[in-house]
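Following our numbering, the numbering of the sequence shown begins with 28 at its first residue and continues without gaps. We treat Cβ as the ideally placed atom computed from N, Cα and C, and that holds for glycine. Following: one structure in structure tokens, then a few remarks.
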Amino acid sequence: MSSVSIIDYGVGNLLSVARAFDHFNIHVQFAQTTEDILSAKRLILPGVGAFADGVQGLRERGFIEAIESFTHQGKPLLGICLGMQMLMTTSSEFGTHAGLDLIKGNVVSIPQQGLDGTPHKIPHIGWNELHPTEHGPSWSHTILCDLPQASSVYFVHSYMVVPDSPTARVADTFYNGQPISAVIQHENIYGCQFHPEKSGEIGLRIIQQFMKL
């Protein structure tokens, strides 16, 4: 049976994520020690809330070095929402804070207005479409394999990631014309700004594809 480990660091909707994997009879483990992380076959880094609190939760448990060691083994890691943001180098949420630096780039606040200058609500909440990026990889070799373009997924966030390399942007969404990184990738490390576990059939297909990596 395939298995996946969800990192338990005191922040995140672990049970909601775990239930999504149950659809495919995947054995779910909660990684609560560094040994759990290092021995995992695949890792999920979930998260909701503030960036600094999330990173502090990982640091207090000694998980940052364990996650780095895990990725150096070439095994797949998926960060979800805040989990994706923590993969980055830094965040400007409530100050400047260091991230895991597994994907080079920064976390910044979503612009307060669309490209036409019209103000919009922050946080960005609701269903929005995924679109290929100009310089990103083909979806055929990513967690978006076989998904139709403009597939809709569910977002809840006030900050967005800006990777240093445009090739790290697998898919973008657009909020009143403002491009937002929705899926990023660097080698065996993936991130979803949206919540696949709350994104219906499309989200389940993304989870299923992650399990094929």
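When secondary structure is reduced to three states using DSSP, Phe-48 falls in the helix class. One Cα belongs to Tyr-181, the other to Leu-42, and the distance between them is close to 17 Å. For Ala-93, the CB contacts under 7 Å within the same chain, skipping 5 residues up- and downstream, are Thr-61, Ile-64, Leu-65 in chain order. If you look at Ser-96, you'll find it in the alpha helix (DSSP H) that goes 90 to 99. Cβ-Cβ distances below 6 Å link Gly-218 to Gly-106, Met-111, Leu-114, Ile-211 in the same chain, with the five nearest sequence neighbours on each side left out; the list follows chain order. For the set Glu-156, Glu-161, Leu-157, Asp-80, the Cα lying nearest the Cα of Ala-125 is the one of Asp-80. Following the DSSP letters along the chain, one finds Asp-63 inside the alpha helix (DSSP H) bounded by residues 61 to 66. Around the beta carbon of His-184, 16 or more other beta carbons sit within 10 angstroms, so the residue counts as buried. In the pairwise beta carbon analysis, the stretch 122 to 136 is classified as touching the stretch 185 to 200: at least three pairs are separated by under 8 Å. Rounded to whole angstroms, the Cβ separation of Phe-51 and Gln-235 is 6 Å, and the two are in contact under 8 Å. Under the Cβ criterion (8 Å, minimum of three pairs), the stretch 193 to 206 counts as touching the stretch 141 to 161. Using a 10 angstroms sphere on the CB of Gly-230, the tally of other CB atoms reaches 16 or more, which defines it as buried. The beta-bridge partner set that DSSP reports for Gln-83 is empty. Taken atom to atom, the span from the alpha-carbon of Trp-166 to that of Pro-159 is near 8 Å. If you look at Leu-70, you'll find it in the beta strand (DSSP E) that goes 70 to 72. Look at Ala-195 here: in three-state DSSP terms it is helix. Rounded to whole angstroms, the separation of the alpha carbons of Ser-96 and Leu-85 is 14 Å.
Put simply, of Gln-205, Ser-119, Val-75 the residue whose alpha carbon is nearest the alpha carbon of Val-44 is Val-75.
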